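> Mind having a look at this structure? Questions to follow.
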Amino acid sequence: MTPDVLTLGETMVLFSPDEPGPTKHQQTFKKSLGGAESNVAIALSRLGNDVTWHSTLGADPHGKYVNSFVRGEGVDTSTVEFTNDAPTGIMFKERRAFGETSVYYYRHGSAASTMTPDDLPADAIAEADYFHLTGITPALSDSCREATLAAVERAREADVTVSFDPNIRYKLWGSDEEMRRTLLALVEKSDIVLPGIEEGRTLFDAGTPDEIANACRDRGAAIAVVKLGAEGALVDDGEVTRVPGYKVERVVDPIGAGDGFAAGFLDGRLHGLGAVEATKRANAVGAFATTVTGDVEGLPTERELDVFLGEREALQR
1 MTPDVLTLGE
11 TMVLFSPDEP
21 GPTKHQQTFK
31 KSLGGAESNV
41 AIALSRLGND
51 VTWHSTLGAD
61 PHGKYVNSFV
71 RGEGVDTSTV
81 EFTNDAPTGI
91 MFKERRAFGE
101 TSVYYYRHGS
111 AASTMTPDDL
121 PADAIAEADY
131 FHLTGITPAL
141 SDSCREATLA
151 AVERAREADV
161 TVSFDPNIRY
171 KLWGSDEEMR
181 RTLLALVEKS
191 DIVLPGIEEG
201 RTLFDAGTPD
211 EIANACRDRG
221 AAIAVVKLGA
231 EGALVDDGEV
241 TRVPGYKVER
251 VVDPIGAGDG
261 FAAGFLDGRL
271 HGLGAVEATK
281 RANAVGAFAT
291 TVTGDVEGLP
301 TERELDVFLG
311 EREALQR
């Protein structure tokens, strides 16, 4: 299969508590999975696109579960590798009745952190229309950083459009200087950059969404889309446009919304939409993702998304 989009990165088994409250008092958890790149892949697959997700998983029950789950969502996992030398990562989510959701990671020395440039599916990268990556993968290890940069170079050599979500995970980086140096290098090699407002401020020392978008464009991005949470997003593709978000009456779990946003944007571009119209789809998919517990459970199908957008457009007339 020639993919519309190829992405690579770590996916872990996610344990979410049945009830809100401190993790130390929880007794029962629901098992699912979470990983920024596989979240994007699953979202794109539900929207009717051909997607390949690449990673290295432990040759353990958790790794087999992750692979089966992602493949069961219609994502091509044929390039995924398994290793006996490192385990699949796991994480626990903590939901507070009053306060933000927290996540505790157990990923140090995980199977995904062993990825190297030699493990890359070079042909699949070159054959894709889009290569999507995040700033998480290069933070996992030195070899993952080398693999990420090599994958981007392979995509650029093949004229594949590179989409980059900085997705900063501060705890994974050895220093802020290393983080900024690595992520700014990836911004400079990307065609589409999708930072959140706080990520943009961290990377560019910029104060406003307009300044963040301009900083991305100054470093070579053709399109910069700055995510503004419930307020929507700011798009700069040569012209700057604010695209309002969609109100969610009750946000159940905000984690995964940014991945849904990225998938919605890429889906719009694959449908031939301009940057502004693609951002409307991005805002909508991101809103869907917040409505249930779990990273991918709330992601819409193509029909659900089209019905949602059609209803919102009718209300605005």
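Per UniProt numbering, the very first residue in the sequence shown carries number 1; after that it's consecutive.
Note that the Cβ used here is the ideal one computed from N, Cα and C, for glycine as well.
Bear in mind the structure is a predicted one, so any value in this text is a computation, not a measurement.
(1) Please report the distance separating the alpha-carbon of residue 146 from that of residue 120.
(2) How would you write the range of the beta strand (DSSP E) that residue 170 sits in, first residue to last?
(3) Assuming residue 126 and residue 150 make a contact with CB atoms under 8 Å, what is their CB distance in whole Å?
(4) Under the assumption that residue 78 contacts residue 114 (Cβ atoms under 8 Å), give the Cβ distance between them as a whole number of angstroms.
(5) Do residue 213 and residue 236 have their CB atoms nearer than 8 Å?
(6) In terms of residues, what are the limits of the alpha helix (DSSP H) holding residue 279?
(7) Alpha carbon to alpha carbon, what distance is there between residue 90 and residue 106?
(8) Anyone know if the C-beta pair for residue 56 and residue 3 falls short of 8 Å?
(9) Assign residue 93 to buried or exposed, taking buried as 16 or more other Cβ atoms, counted over all protein chains shown, within 10 Å of its Cβ.
(10) To test your reading of the DSSP string, which unbroken alpha helix (DSSP H) runs of 4 or more residues are found completely within the segment 147-198?
(11) Would you please state the rounded distance, in angstroms, between the beta carbons of residue 193 and residue 233? I believe it to be under 8 Å.
(12) With 8 Å set as the bound, which would you pick, yes or no: does the beta-carbon of residue 120 sit closer than that to a beta-carbon of chain B?
(13) Can you tell me where the alpha helix (DSSP H) holding residue 65 begins and where it ends?
(14) Any heavy atom of the ligand FAD closer than 7 Å to the Cβ of residue 58?
(15) Which residue wins for smallest C-alpha separation from residue 102, given the options 16, 201, 177?
(16) Would you decide whether residue 208 is buried or exposed? Buried here means 16 or more other CB atoms lie within 10 Å of its CB.
(17) With a Cβ-Cβ cutoff of 8 Å, do residue 246 and residue 287 count as a contact?
(18) Where do the ends of the alpha helix (DSSP H) carrying residue 32 lie?
(19) Mapping the DSSP letters down to three states, classify residue 207 as helix, strand or coil.
(20) By how many angstroms is the C-alpha of residue 50 removed from the C-alpha of residue 123?
(21) What's the gap between the Cα of residue 164 and the Cα of residue 134?
(22) Here's the rule: buried if 16 or more other CB atoms are within 10 angstroms of the residue's CB, otherwise exposed. What is residue 95?
On the basis of the coordinates in this document:
(1) When rounded, the distance between both Cα atoms is 11 Å.
(2) Taken as a continuous stretch (DSSP letters only), residue 170 belongs to no beta strand (DSSP E), as it is neither H nor E.
(3) About 12 Å; that fails the 8 Å criterion.
(4) A Cβ-Cβ separation of about 19 Å leaves residue 78 out of contact with residue 114 under the 8 Å criterion.
(5) Against a cut-off of 8 Å, the Cβ pair of residue 236 and residue 213 comes out as a contact.
(6) Per DSSP, residue 279 belongs to the alpha helix (DSSP H) from 275-289.
(7) Whole-angstrom Cα-Cα distance: 5 Å.
(8) No. Outside cutoff.
(9) Around the beta carbon of residue 93, 16 or more other beta carbons lie within 10 angstroms, which makes this residue buried.
(10) Counting whole runs of 4 or more residues, the segment 147-198 contains the alpha helix (DSSP H) stretches 176-188.
(11) Between residue 233 and residue 193 the Cβ distance is about 12 Å, and since that is not below 8 Å, they are no contact.
(12) In summary, chain B is missing from the structure at hand, where a single protein chain is found.
(13) For residue 65, the enclosing alpha helix (DSSP H) covers residues 61-72.
(14) In the structure shown, the ligand FAD is absent, as is every other ligand, since no ligand is present at all.
(15) Closest by C-alpha distance to residue 102, out of 16, 201, 177, is 16.
(16) In this structure residue 208 is exposed. Its beta-carbon is surrounded by fewer than 16 other beta-carbon atoms within 10 angstroms.
(17) Cβ distance < 8 Å, so residue 246 and residue 287 count as in contact.
(18) For residue 32, no alpha helix (DSSP H) segment is defined; the enclosing uninterrupted segment is the beta strand (DSSP E) at 29-34.
(19) The answer is coil: DSSP assigns residue 207 none of H, G, I, E or B.
(20) Cα to Cα, the separation comes out at about 16 Å.
(21) Roughly 6 Å separates the two Cα atoms.
(22) Its Cβ being crowded by 16 or more others within 10 Å, residue 95 is buried.
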